[in-house]
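Once you know that position 28 of the sequence shown is 28 in full-length UniProt numbering, the rest is easy, because the numbers rise by one and skip nothing.
Each residue gets a CB set at the ideal place from its N, CA and C atoms; glycine is no exception.
It should be emphasised that the depicted structure is a prediction, and the values quoted were computed from it without experimental measurement.
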Amino acid sequence: MPAALIILLITLVTIAFRQVGKMSIPIWLIMATGAFATLVFQQITPLQAILAIEPNVMIYLFGVFLIAQAAEESGYLEHLTHRLFYYSHTGKQALVIIIFVLGLSTVLLMNDTIAIIGTPLILQLCKSQRPLIKPLLFALAFSITIGSAMSPVGNPQNLLIAVKGEMSSPFLDFIRPLIIPTLLNLFICYFLIYLVYKETLDAPLEKVTPTPISEHRTVLLVRISLMIMVFLVLAKIVLDSIHSPLRINFSYIAILAALPLFLSHQIWFFIKKLDWGTLIFFASTFVLMQSVWDSGFFQRNINHYNIAFMNPAVILLLSIVLSQFISNVPLVALYLPLLTHHSYDNSQLLTLAIGSTISGNLSILGAASNIIIIQNSENRGVKGFGFFEFIKLGAPLTLITILIYSYFL
């Protein structure tokens, strides 16, 4: 067995059992240690490690994380919470907003970004009603996973598929075949959570009045950044749909949208408070997975056992199962070269996108956005959801949603 694969397995086991007494080892630190180990044991050279990190994905993440951080620190997020849930008078009505507004917002903004924004938003909403926190956090986790499935910028693995798969019109290639099953699955998500938490969600909602905004200049810059991002994403959709030779790179969208924030006197504070752990996690993942791929272990075994890795059913099954062990981004980083080194089409790329994305609803280890929600909650002194709690609700939801997507694909 190659040393790179042994390092990967040790990394995954450490992630699964990262709770040591009352201390929890950060996932990004574990992944970074694994990536560093591949360099120490010469499974990958420093130059190969640098080249393995996908710059488009990293720049996009940096840009959207910076906007999200500025929105929270400036107090704009608190006021956005008040406006968003202004007409919500029960937990049931708030559930609708979270699933269909936040869930579908991942079409334009990455699910990790909505996880970062949505978690404090929900905690702010439920300040005086703590029993509501759990069902609404479940709604956030499940809906941003489902909603992100139909967008090339909905989550990091879809972005990786769109970039590495060289799709000609990424937004159209994703949205056209996936919009109907995605909407159906969001309705199923709503009914499942409401069925389990009916008594809690039917209770009246007590809302807290937001603190007056003091940083008006920063809030204005955040609004401008969000408008630029939405405009550029819409422009990309239009340009892709008419097959224009002019292309807007995903990384350009995020970095151009974040530029206004550099006019804020708080910019270095925002950068300091940025979720660097998640960025390190993704960069380390690229390095570790590249070392495993370069070992040739998977290629040899697939050929030896004649695994039909190009078959849509096999892609779906492998991506769902393996994502629980190596998470969806590492899985896609490993699986994509198998497809791109052979004759493939968009249907196989979309199947990989669906399997690797919806796997995030099976367990908390299936998606980075789940970890973000848990860590954001715990950082604010609130326990999110447990490992087995998540599976109990997520397993039936995953089964139903996969069956619906399979029918439409």
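Mapping the DSSP letters down to three states, classify residue i as helix, strand or coil.
i, result
"Thr81", "helix"
"Gln129", "coil"
"Val20", "strand"
"Thr200", "helix"
"Thr90", "strand"
"Asn346", "helix"
"Thr218", "helix"
"Pro2", "coil"
"Thr145", "helix"
"Met227", "helix"
"Leu61", "helix"
"Lys236", "helix"
"Pro210", "coil"
"Asn311", "coil"
"Ser356", "helix"
"Leu274", "coil"
"Asn370", "helix"
"Phe286", "helix"
"Phe325", "helix"
"Asn249", "coil"
"Gly296", "coil"
"Gln375", "helix"
"Ser406", "helix"
"residue 445", "Lying before the first or after the last residue shown, residue 445 is absent from the chain, which here runs from 1 to 409."
"Leu136", "helix"
"Thr45", "coil"
"Glu166", "coil"
Report all residues from its chain with a CB closer than 6 Å to the CB of residue i; omit the five preceding and five following residues, and keep chain order.
i, result
"Ile320", "Gly355, Ser359"
"Leu338", "Phe309"
"Leu353", "In the sequence as presented, Leu is not what sits at residue 353; that position holds Ala. Once the five neighbours on either side are set aside, the close Cβ partners of Ala353 are Asn158, Ile161."
"Met229", "Ala257"
"Ile67", "Ser225, Ala258"
"Val329", "Pro156, Gln157, Thr285"
"Arg247", "none"
"residue 414", "Residue 414 cannot be examined here, being either before or after the span of the chain that is shown, 1 to 409."
"Lys236", "Ile248"
"Leu316", "Thr351, Gly355"
Suppose the cutoff is 7 Å on Cβ atoms and the five residues either side in sequence are ignored; what does the same chain contact list for residue i look like?
i, result
"Met150", "Val107, Phe174, Ile175, Leu178, Ile179, Thr182"
"Ile114", "Leu102, Ser105, Thr106, Ile144"
"Ile59", "Ser251, Ala254, Ile255"
"Lys273", "Gln69, Glu73"
"Ser24", "Arg18"
"Phe325", "Leu12"
So, residue i versus residue j, is the Cβ gap smaller than 7 Å?
i, j, result
"Ala49", "Phe270", "no"
"Ile103", "Gly147", "First, the residue type needs correcting, since residue 103 is Gly and not Ile in the sequence shown. Yes, these two residues count as a Cβ contact at 7 Å."
"Thr357", "Asn155", "yes"
"Thr45", "Ile30", "no"
"Thr14", "Ala367", "no"
"Ala139", "Leu184", "no"
"Leu261", "Ser225", "yes"
"Trp28", "Phe408", "no"
"Thr351", "Pro312", "yes"
"Ala283", "Ile53", "yes"
"Ser295", "Ala32", "no"
"Leu403", "Thr38", "no"
"Ser369", "Asn111", "yes"
"Phe142", "Asn361", "yes"
"Val382", "Leu77", "no"
"Leu8", "Val292", "yes"
"Asn376", "Thr200", "no"
Only counting the same chain, and skipping five residues up and downstream in sequence, which positions put a Cβ closer than 8 Å to that of residue i?
i, result
"Ile267", "Leu261"
"Leu336", "Leu160, Ile161, Lys164, Gly165, Leu352"
"Pro55", "Ser251"
"residue 410", "In this structure the chain extends from 1 to 409, so residue 410 is not present and cannot be described."
"Gln129", "Gly91, Ala203, Leu205, Glu206"
"Cys126", "Leu132, Ile133, Leu136"
"Thr209", "His82"
For the putative contact between residue i and residue j, defined by C-beta atoms under 8 Å, what is the C-beta separation to the nearest angstrom?
i, j, result
"residue 452", "Ile364", "The chain is shown only over 1 to 409; residue 452 falls outside these bounds and no answer can be derived."
"Leu121", "Thr81", "5 Å"
"Gly384", "Glu378", "7 Å"
"Ile188", "Leu397", "7 Å"
"Thr278", "Gly75", "About 23 Å; that fails the 8 Å criterion."
"Ile99", "Leu195", "14 Å between Cβ atoms; not a contact."
"residue 415", "Phe298", "The requested residue 415 does not occur in the structure, where the chain is confined to residues 1 to 409."
"Val153", "Val40", "Contact doesn't hold; Cβ gap of about 35 Å is too wide."
I'd like to confirm something about residue i: is its beta-carbon nearer than 6 Å to some heavy atom of the ligand MN, or not?
i, result
"Ile97", "Among the ligands in the structure shown, none appear at all, so the ligand MN cannot be discussed."
Pairs of beta-carbons, one from the stretch 49-64 and one from the stretch 255-264, closer than 8 Å: are there three or more? yes
Does the contact criterion of 3 or more C-beta pairs under 8 Å hold for the stretch 233-250 versus the stretch 166-173? yes
Evaluate contact between the stretch 84-103 and the stretch 196-207, counting only Cβ atoms and requiring at least three cross-stretch pairs below 8 Å. Yes, the stretch 84-103 touches the stretch 196-207.
Decide yes or no for the touch test of the stretch 214-224 against the stretch 125-138: beta carbon pairs closer than 8 Å, at least 3 of them. no
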